[in-house]
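Heads up: the sequence shown begins at 45 in my numbering, then just goes up one per residue.
All C-beta atoms, glycine included, are put in the ideal place defined by N, C-alpha and C.
The structure under discussion appears below in the form of structure tokens.
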Amino acid sequence: MSSITPLVQSVDWLALAPPTVTAAVALVVLVADLFLPAARKPLLGWIATAGLAASALLLLPLLGGGRRTFCLPAHPDVCSYVADPFALVIQFLVLGGALLTALLSIDTVKDQGLPTGEYWFLLLSSAAGAALLPASRDLATLVIALEVASLPAFALVGLRRDDRLSSEAALKFFLSSVAATAVMLLGVSFLYAATGSLHLSQVAHALTALPDPRLATLASAGVALTLVGFAFKTAAAPFHFWVPDTYVGAPLPIAGYLSVVGKAVGFSGLILVTVQGFPSYANVWGPALAVLAALTMTVGNVAAVRQDPRRAHSAVRLLAWSSVGQAGYLLVPIAAAGYTSDPAHAIGSTVAYALMYAAVNLGAFAVAALVARTSPANRITDYRGLYARRPLAALALGFFLLCLAGLPPGIIGLFAKVTVFSVAVDAGLAWLAVIMAINVVIALYYYLKWTTVLFRGAEAVPATAPAEQHPPRAGIPGALATAIALATVLGIVLSGAPQLVLRFASGALL
């Protein structure tokens, strides 16, 4: 009897556990919301937080081995889902960032009257897609995971239905993301037509020897369009225009989530398609990403310097433009990977920088959420005298800002910037290293300026200030205090042993 190749694939549920459990908890929260009385709905936030913690713990059994599933029967090494070290590190970043966001959100949902069940369902759904993406190894799964992470985020940004800024932010975010997805799908279709496969390893092999010059032209267009799509997702200039208004209009925890988890999703996808999918086009995407990195960091830092500290929401706008500048730094090692024979080392630098950035940037948004309880306009001037009112919060924010600036005692920020700088120099991108050094100096100005505001005497709010949308609330809720404490402890521990970050990120070798 002739053997028949099985079409039904075995599924490695342990490898799939982190995103699967996150998605399952999202469904549990959605169903529970139908039956819980209004007084018990805050329980949904703690269920969501526990689910994210459980999903993060499920990464531990996956350490030390590259598990894979959804593989082609004829090619067992060609798989759609691979839980390798790179995927696990990014999943740790995503789920950890989502966990901190959940802690920030528990009191925000209650204080701002957001629909509880919808909020937690959307946050967990987005986190599930974000956790799926770094393990994706074919272009179709990449796009699906990207959209699963993005679509709930549109609704989260616009969830404050009575707020005009929130609605405008959601619309701008939606339109820009839809345009990016359309461009990316067109690029993916070109690549499939040229190579006959969607799996990254097979696409990479096919791109090295296309038999027809017309197919080579089609593939080049596909590579370019796919990169443009991911440039939108990473907020790389000139595709960054949606960032400031989106962060201002979104609830503060969601702004922090987008700045960290949203970037992790975009950058992990960009790393996969360039290093694994298009290595033969390194002479194209390497220079293109280098130019994007220089432009992005310059646009972000210059715009951050120009923020008026008395303008409403200037603190959030500064963090938004700062995140654009930080995206430029994150692009540098990916660009360097196109110039070096050891792209894994360069990618490890990006992952190390992303881990540092995630901890301290979410910490900065956590303190901003605390200040917003008494000063909803969230101007930078509202932080004046914060040390006198809340000394621990002021010290924590000062530490986070110094980490982002790369100054002691934020050793982890300095270490991350030096690592990225050295990767650029080693790859022969001296001009990019010089532009990065100039931008680091520019960033020092606005980070230090905000830090000094924390320790000055309090300033009265102008009589012409816009009316506050939510009544001021005093005190520090336990969940918010926990999020600030966790981010601070993580930043201090990493600053005490910064080499641990690079060693951990070195496990992300592709």
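Tell me, to the nearest whole angstrom, how far the beta carbon of Tyr404 is from that of Val368; I am working on the premise that it is less than 8 Å. Looking at the sequence provided, one finds Val at residue 404 rather than Tyr. Not really, about 16 Å apart at Cβ, beyond 8 Å.
Can you give the Cα-Cα distance for Ala76 and Trp90, rounded to whole angstroms? Approximately 12 Å between the Cα atoms of the pair.
Where does Ser366 sit, in a helix, a strand or coil, going by DSSP? helix
With a threshold of 16 other CB atoms inside 10 Å of the CB of Asn327, please say whether the residue is buried or exposed. Exposed, by the Cβ-count rule.
Euclidean distance between Cα positions of Tyr236 and Ala67: 29 Å
If we ignore side chains and look at the alpha-carbon of each, how far apart do Leu538 and Ile456 end up? A direct Cα-to-Cα measurement between Leu538 and Ile456 gives close to 6 Å.
Compute the Euclidean distance between the alpha carbons of Ser149 and Ile424, then round it to the nearest angstrom. 22 Å
Could you work out which residue in Tyr490, Ala421 and Leu302 is closest to Leu137 when comparing CA atoms only? Leu302
Just mark Ser194 as buried or exposed, buried being the case when its beta carbon has 16 or more other beta carbons within 10 Å. Of the residues assessed, Ser194 falls on the buried side of the cut-off, its CB having 16 or more other CB atoms within 10 angstroms.
Going along the chain, which residues of its own chain have a beta-carbon closer than 7 Å to the beta-carbon of Pro63, five neighbours each way excluded? Ala172, Ala175 and Leu176
Can you give me the start and stop residues for the beta strand (DSSP E) that Tyr125 sits inside? Membership of Tyr125 in the beta strand (DSSP E) is indicated by the continuous run His119 to Ala127.
How many Å lie between Trp188 and Leu230 at the Cα? In the sequence under discussion, the amino acid at residue 188 is Ile, which differs from the Trp named in the question. Cα to Cα, Ile188 sits roughly 14 Å from Leu230.
Could you check the C-alpha separation between Ala556 and Ile536 for me, to the nearest Å? Nothing can be reported for residue 556: it is not among the residues displayed for the chain, which extend from 45 to 554.
Val55, buried or exposed, once every other Cβ within 10 Å from all chains shown has been counted against 16: exposed
Less than 9 Å separating the beta-carbons of Leu103 and Gln135? Yes.
Taking the beta carbon of Phe276 as the centre, do at least 16 other beta carbons fall within 10 Å, making it buried, or is it exposed? buried
Secondary structure at Thr278, three-state DSSP: helix, strand or coil? coil
Along the chain, where does the beta strand (DSSP E) that runs through Thr160 open and close? Not the beta strand (DSSP E): Thr160 falls in the alpha helix (DSSP H), residues Thr160 to Leu176.
Where does His243 sit, in a helix, a strand or coil, going by DSSP? strand
Roughly how far, in whole angstroms, is the beta-carbon of Val292 from the beta-carbon of Leu209, given that I think they are within contact range, below 8 Å? 6 Å
Inspect the beta-carbon positions of Met400 and Ala371 and report whether they are closer than 9 Å. no
Please confirm whether Ile378 and Phe130 have their CB atoms less than 9 Å apart. no
Among residues of its own chain, excluding the 5 on either side of Ser170, which ones have a beta-carbon nearer than 6 Å to its beta-carbon? Answer for Ser170: Ala193, Pro196 and Ala197, listed in chain order.
With H, G and I counted as helix, E and B as strand and the rest as coil, what does DSSP make of Asp182? strand
Which value, in whole angstroms, describes the spacing of the CA atoms of Ile315 and Ala398? Straight-line spacing of the CA atoms in Ile315 and Ala398 works out to 13 Å.
Could I get the ranges of all uninterrupted beta strand (DSSP E) runs contained in the stretch 64-134, with 3 residues as the minimum, in chain order? 111-116 and 119-127
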